[in-house]
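For reference, the structure is listed below as structure tokens.
In UniProt numbering, the protein residues as written are 1 to 90.
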């Protein structure tokens with residue numbers, strides 16, 4: 001069993017807060033988020049942002065939104081359910 005350090009706990013807390021912040025931005029446009037077909041049960045914090053599953057017209061699969069603090073922008077990772085390459089949108 002791995003020992004959990006204070007830094008690990010701080011990083012998880014930061015990731016959770018950051019995912020909540022990004023999700024709060026998305027919720028300002030609820031019709032857009034609903035049009036993506038977000039599965040609300042799949043929303044979870046990952047390193048530096050949220051990840052969730054969508055069933056939209058253009059993309060079906062996982063979406064990961066990551067904050068690139070160095071560039072001060074978000075990277076959108078589209079990870080398809082079926083065969084295909086992951087797409088990154090800056």
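For glycine and all other residues, C-beta sits at the position ideal for the given N, C-alpha and C.
Source: prediction; values computed, not measured.
| Query | Result |
| --- | --- |
| Residues near residue 56 by beta carbon distance below 8 Å, same chain, minus five either side | 35, 36, 37 |
| Continuous beta strand (DSSP E) stretch holding residue 57: start and end | First-last for residue 57: undefined, no H or E at that position. |
| Residue 42 versus 69, 74, 64, 18, residue with shortest Cα-Cα distance | 64 |
| Proximity of residue 67 and residue 90 at Cβ, strictly below 8 Å | no |
| Beta-bridge pairing of residue 80 - partner residues as DSSP gives them | 61 |
| Simplified DSSP assignment, three categories, for residue 15 | helix |
| Contact test: residue 28 Cβ vs the ligand HEM heavy atom, cutoff 7 Å | For the ligand HEM, the structure offers nothing, since it holds no ligand at all. |
| Helix, strand or coil at residue 49 [DSSP, three-state] | strand |
| CA nearest to the CA of residue 39, picked from 28, 53, 33 | 53 |
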